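J.: Got a structure here, written out as structure tokens. Questions coming.
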Ligand code: ATP
Ligand code: MG
Ligand code: MG
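Numbering (UniProt numbering), first residue to last: 8 to 356.
Have a look at this one:
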């Protein structure tokens, strides 16, 4: 296809549209919010909600393939689109990753390790799960969480009721706390022909639940890189996936544990923009457009740092630093916790 429809007009949609335009492809953004960052660089934008059937159908008719920059798209909207236009990555990836309970159940079914987990419906089920799992543990909403939102850490059993209160009755999951030595993620791709390629794993640090930095190469025990890539390939193949996928992993002395998967390009893959010939955005576009996958071999050491909220004010200083590649999202207003851009610090070894 030559026009790509993107559900979601945030920074990920924007960077996908930039990559697509470099390949001579047009993008059409579908986004409920006004002035989406992706709108500035796309050929067309539809501003409408996911409950607007006619708008969804008009959008689907105008594009050749639909992809997405976030996983929480309502099922009914996906059904409407899919009746008119293929969606890549496919629906199974969305079904699995929209709900933490479904996702962890599916991952353990594949033979992969996750944190211990239990479905929580009320205080008795939480009390029982805490008794089973011990503390610390993390209570999370099953759906719609990102940047650590919808999560409460429980350090003692007597905090159960308050934790449940905080989630305001949302369906929840309890996860045992994984005493990790590091967090890494692997960004991998699978082409329409089943070819699989992975970028080097990056090592991630978070602040206030939000990704702060990703560094490549990651500091990993021997075998770590192979293990991470094999896990990602396992997931991609099991989902018959087409596109780029992010897999977040905990590093422990007992091996890698899968935290979560994201069926899309991922913040922790932004380093690829300045560390590889073909970055995660182009790789995703190549995969969904049916092109061969590109070369994602890493040719530099990179540290990616997110510019969050007021940190966007560091732009002038960073622009003077020859080691820095700046990527700004053109967001109209700055809010605390809002991702405004990122910087890749590049060191050629
Ligand atoms: P994202 O913005 O990456 O989608 P999210 O809101 O979906 O994040 P998680 O990735 O589940 O949230 O958790 C955010 C962070 O909290 C993790 O990167 C990790 O640092 C910590 N964390 C989450 N679950 C656990 C766990 N079971 N054990 C230890 N730490 C955890
Ligand atoms: Mg998440
Ligand atoms: Mg996460």
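From the three backbone atoms N, C-alpha and C, an ideal C-beta is built for every residue, glycine too.
Since the model is a prediction, treat every value here as computed from it, not as a measurement.
Would the beta-carbon of residue 210 fall within 8 Å of that of residue 239?
T.: As a working note, residue 210 is residue 203 in the chain shown. As a working note, residue 239 is residue 232 in the chain shown. No, these two residues do not count as a Cβ contact at 8 Å.
J.: From what residue to what residue does the beta strand (DSSP E) around residue 244 run?
T.: Along the chain shown, one-based indexing puts residue 244 at 237. First-last for residue 244: 231-245, but that is the alpha helix (DSSP H), not the beta strand (DSSP E).
J.: In the DSSP assignment, what residue or residues form a beta bridge with residue 257?
T.: Start at 1 with the first residue of the chain shown, and residue 257 comes out as number 250. Paired residue(s): 190, 264.
J.: Closer than 8 Å by C-beta to residue 316: which residues in its own chain qualify, once you throw out the five before and the five after it? Chain order, please.
T.: By one-based count along the chain shown, residue 316 stands at place 309. Excluding positions up to five away in sequence, the list reads 341, 342, 343, 344, 345, 347.
J.: Please list the terminal residues of the continuous beta strand (DSSP E) segment that includes residue 312.
T.: Locating residue 312 in the chain shown gives position 305, counting from the first residue. Its beta strand (DSSP E) spans residues 308-315.
J.: Going straight from the alpha carbon of residue 108 to that of residue 180, what length do you get?
T.: Locating residue 108 in the chain shown gives position 101, where the first residue counts as 1. Locating residue 180 in the chain shown gives position 173, where the first residue counts as 1. In a straight line, the C-alpha of residue 108 is about 6 Å away from that of residue 180.
J.: Determine the direct distance from the alpha carbon of residue 166 to that of residue 12, and round the result to whole angstroms.
T.: Indexing the chain shown from 1 puts residue 12 at position 5. Indexing the chain shown from 1 puts residue 166 at position 159. When rounded, the distance between both Cα atoms is 45 Å.
J.: Helix or strand or just coil, what does DSSP make of residue 42?
T.: Sequence index remark: in the chain shown, residue 42 carries index 35 (1-based). Residue 42 falls in the coil class under three-state DSSP.
J.: Within 8 Å of any Cβ in chain B, is that where the Cβ of residue 23 sits?
T.: The displayed structure is made up of one protein chain only, and chain B is not part of it.
J.: Determine, using beta carbons only, whether residue 110 and residue 264 come nearer to each other than 8 Å.
T.: As a position in the chain shown, residue 110 is number 103, starting the count at 1. As a position in the chain shown, residue 264 is number 257, starting the count at 1. Against a cut-off of 8 Å, the Cβ pair of residue 264 and residue 110 comes out as no contact.
J.: Kindly list the residues whose CB is nearer than 6 Å to the CB of residue 287, restricted to its own chain and excluding five residues on each side of it in sequence; keep chain order.
T.: Here residue 287 is taken as the residue at index 280 of the chain shown, counted from 1. These residues qualify, in order along the chain: 194, 251, 272, 276, 279.
J.: Using the C-alpha atoms, what's the distance from residue 153 back to residue 74?
T.: To locate residue 74, count along the chain shown from 1; it is residue 67. To locate residue 153, count along the chain shown from 1; it is residue 146. Straight-line Cα distance between these residues: approximately 19 Å.
J.: Which residues in the same chain have their Cβ closer than 8 Å to the Cβ of residue 117, if we skip the five residues on either side of it in sequence?
T.: Position 110 of the chain shown, counted from the first residue, corresponds to residue 117. If we look at residue 117 and ignore the five residues flanking it on each side, its Cβ neighbours are 241, 242, 245.
J.: Check whether the Cβ atoms of residue 227 and residue 208 sit closer than 8 Å, and answer yes or no.
T.: Indexing the chain shown from 1 puts residue 227 at position 220. Indexing the chain shown from 1 puts residue 208 at position 201. Going by C-beta atoms, residue 227 is nearer than 8 Å to residue 208.
J.: Do residue 285 and residue 301 have their C-beta atoms closer together than 8 Å?
T.: Residue mapping note: residue 285 aligns to position 278 of the chain shown, counting from 1. Residue mapping note: residue 301 aligns to position 294 of the chain shown, counting from 1. Yes; because the gap between Cβ atoms is below 8 Å, this pair is in contact.
J.: Restricting to Cα atoms, I'd like to know which of 281, 93, 175 is closest to residue 72.
T.: On the chain shown, residue 72 is found 65 positions in, with the first residue counted as 1. For residue 72, the nearest C-alpha among the options comes from 93.
J.: Under a three-way DSSP split, which group does residue 353 fall into?
T.: Residue mapping note: residue 353 aligns to position 346 of the chain shown, counting from 1. Reduced to three states, the DSSP call for residue 353 is strand.
J.: Let's test the definition: count the other Cβ atoms within 10 Å of the Cβ of residue 18 and tell me whether it reaches 16, buried, or not, exposed.
T.: Along the chain shown, read from residue 1 onward, the residue named residue 18 stands at position 11. Taking a 10 Å sphere around the C-beta of residue 18, we find 16 or more other C-beta atoms and assign the residue as buried.
J.: Could you work out which residue in 33, 104, 216 is closest to residue 270 when comparing CA atoms only?
T.: Against the chain shown, residue 270 aligns to sequence position 263. For the residues 33, 104, 216, the minimum Cα distance to residue 270 belongs to 104.
J.: Is there at least one non-hydrogen atom of ligand 3 closer than 7 Å to the beta-carbon of residue 266?
T.: Here residue 266 corresponds to residue number 259 of the chain shown, with the count starting at 1. It does: the Cβ of residue 266 is within 7 Å (strictly closer) of some heavy atom of ligand 3.
J.: Looking only at its own chain, which residues have a Cβ that is under 6 Å from the Cβ of residue 120, when we skip the five neighbours before and after it?
T.: The count along the chain shown starts at 1 and reaches residue 120 at position 113. Answer for residue 120: 264, listed in chain order.
J.: Measure the Cβ-Cβ separation of residue 222 and residue 310 and say whether it is below 8 Å.
T.: Along the chain shown, read from residue 1 onward, the residue named residue 222 stands at position 215. Along the chain shown, read from residue 1 onward, the residue named residue 310 stands at position 303. Yes, the Cβ-Cβ distance between residue 222 and residue 310 is below 8 Å.
J.: Under 6 Å Cβ to Cβ from residue 350, same chain only, skipping five residues before and after it: list those, please.
T.: As a working note, residue 350 is residue 343 in the chain shown. 312, 325, 331, 333.
J.: By a C-beta neighbour count over all protein chains shown, 10 Å radius and 16 as the cutoff for buried, is residue 291 buried or exposed?
T.: The count along the chain shown starts at 1 and reaches residue 291 at position 284. Buried is the call here.
J.: Taking the alpha-carbon positions, what's the residue 56 to residue 253 distance?
T.: Here residue 56 refers to the residue found at position 49 of the chain shown. Here residue 253 refers to the residue found at position 246 of the chain shown. Straight-line Cα distance between these residues: approximately 26 Å.
J.: Could you please give the first and the last residue of the uninterrupted alpha helix (DSSP H) stretch that includes residue 25?
T.: Looking up residue 25 in the chain shown gives position 18. Counting along the chain, the alpha helix (DSSP H) containing residue 25 begins and ends at 18-29.
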